[in-house]
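Student: So that we are looking at the same thing, I have put the structure below in structure tokens.
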């Protein structure tokens, strides 16, 4: 059953730099492209929505401040719905829209390179297109969880174009995240930077690998700082360095400065908001931590679901620390936990250490199990062993976070 009745039920999206020489142009941003062979451009990023088959424009909006492309997609969908009364069944986007956060129940988002076609159809028309092959690989492993096919497609993409830095780095992430072949992942990351030493994104990804996997902190810091040197206005790299300075270097003043800078660059980045909330909680700044955690929960719909779950955990901890009821918030989190979402591997230990001494004796085991379930979907069912969880009815996780009296 179709949920839309546009001339075409599918919409393609474009993000571009609008240029204007008009002397009264209201605002002009400088946008670094992050590539040595791509100079800085001047203009305002524009998001354009056109019907997939006919090419009719059904939405257009400016995006001042050079936001991450993925963060513009939810707002563009809102505009299309407002103007046409319909939501497109499928949104075709390029790979700049990764981490878009759009609920697949609202619109199916296909990251299919520059072509306005589905992955298989695109490869039927051009089986030798390396970018479409790599994008299909990402879809197969990240969405379909078909790892064998994902790896085959990645290897095919690099066979077609062995000198594509982005595809090489993407395959490195696959070998790291899925295969756990860390030697091969490192080789591929280094190869990507040989191919394009001035790519800020690939540099930042390698920094995360060296930090989390290799524990080579000096090399990780060098790479984090190099990524920011290449693109000083990238919020993700700034937030990652902030977390590194907090967790590894214990340079709390520098970490705080970088967290503030990250949120100046992108006030709606859910990862950075949640990480800053954790930082403030571990420093004993409960008021600041609560405000940030509420902001992460109530933020844009593009906020990753794990960030919202993390924010909920901090809010529940703060409420119990202050002997406040948690039923309303726990019900929202329970509604969120049954959903499928990408889960990362990190620790809530600093937050636990800050709050557990203030809780009742029987509460820390529950919160520790809750934190583990946020990070691992297979552990959600184990929460039923705790009456506080099993006796709580889940509620709509899209609702705003309740006030502390709920």
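Numbering (the numbering used here), first residue to last: 111 to 516.
Note that CB positions come from ideal geometry on N, CA and C, so glycine has one too.
Source: prediction; values computed, not measured.
1. What is the DSSP secondary structure of residue 182, counted as helix, strand or coil?
2. Given this structure, state the Cα-to-Cα distance separating residue 193 from residue 229, to the nearest angstrom.
3. Under a three-way DSSP split, which group does residue 453 fall into?
4. CA-CA distance, residue 148 and residue 276?
5. According to DSSP, simplified to helix, strand and coil, what is residue 436?
6. Quick check: the Cα distance between residue 507 and residue 306, rounded to an integer number of angstroms?
7. Shortest alpha-carbon distance to residue 220 belongs to which of 189, 239, 503, 253?
8. In chain order, what are the residue ranges of uninterrupted alpha helix (DSSP H) at least 4 long that sit wholly in the stretch 222-262?
9. Hey, out of 441, 302, 361, whose CA is closest to residue 331's CA?
10. Sort 318, 497, 256, 466 by Cα distance to residue 351 and report the nearest one.
11. What residues are listed by DSSP as bridge partners for residue 219?
12. How would you write the range of the alpha helix (DSSP H) that residue 351 sits in, first residue to last?
13. Pick from 311, 270, 503: whose alpha carbon is nearest that of residue 283?
14. Taking C-alpha atoms, which residue in 327, 232, 267, 187 lies nearest to residue 211?
15. Tell me which same chain residues have a C-beta within less than 7 Å of the C-beta of residue 144, skipping the five on either side of it?
16. In three-state DSSP terms, what is residue 496?
17. Give the straight-line distance between the Cα atoms of residue 475 and residue 303, rounded to the nearest whole angstrom.
18. Which residue's Cα is closest to the Cα of residue 272: 241, 251, 325, 250?
19. Can you name, in chain order, every residue of its own chain whose Cβ lies under 7 Å from the Cβ of residue 468, other than the five neighbours on each side?
20. Of the choices 185, 479, 460, whose alpha-carbon is the least far from that of residue 386?
21. Mind checking whether residue 408 and residue 510 have CB atoms under 7 Å apart?
22. Find the nearest neighbour of residue 414 within the set 244, 348, 447, 375, judged by alpha-carbon distance.
23. CA-CA distance, residue 354 and residue 458?
24. Report yes if the CB atom of residue 348 is closer than 7 Å to the CB atom of residue 384, and no otherwise.
25. What distance in whole Å lies between the Cβ atoms of residue 345 and residue 376, which are believed to be in contact at a cut-off of 8 Å?
26. Given residue 333, which residues of its chain have a CB within under 7 Å of its CB, disregarding the five upstream and five downstream residues?
27. According to the Cβ coordinates, are residue 399 and residue 390 closer than 7 Å?
28. Determine the contact status of residue 479 and residue 490, defining contact as a CB-CB distance below 7 Å.
29. Could you please give the first and the last residue of the uninterrupted alpha helix (DSSP H) stretch that includes residue 302?
30. With a threshold of 16 other CB atoms inside 10 Å of the CB of residue 292, please say whether the residue is buried or exposed.
31. Which residues bound the alpha helix (DSSP H) around residue 463?
32. Do you know offhand how far residue 134's Cα is from residue 366's?
33. Cβ of residue 504 within 7 Å of Cβ of residue 439?
34. Under a three-way DSSP split, which group does residue 134 fall into?
Tutor: Reading from the atomic positions:
1. helix
2. 29 Å
3. coil
4. Note on residue 148: pLDDT 33, under 50, position unreliable in the model; the coordinate value appears next. Each residue's alpha carbon lies about 15 Å from the other.
5. coil
6. 42 Å
7. 253
8. 229-235, 240-252
9. 361
10. 318
11. 201
12. 345-354
13. 311
14. 187
15. Confidence is the limiting factor: at residue 144 the pLDDT is only 35, short of 50, which leaves the residue's position unreliable and the question unanswerable from this model.
16. coil
17. 44 Å
18. 241
19. 431
20. 460
21. yes
22. 447
23. 15 Å
24. no
25. 4 Å
26. 313, 316, 317, 320
27. yes
28. no
29. 292-305
30. exposed
31. 459-465
32. Only weak support exists for where residue 134 lies, its pLDDT of 31 falling under 50; the value from the coordinates is given anyway. Rounded to whole angstroms, residue 134 to residue 366 spans 38 Å at the Cα level.
33. no
34. Confidence in residue 134 is poor, its pLDDT being 31 and thus under 50, which makes the residue's placement too unreliable to answer from.
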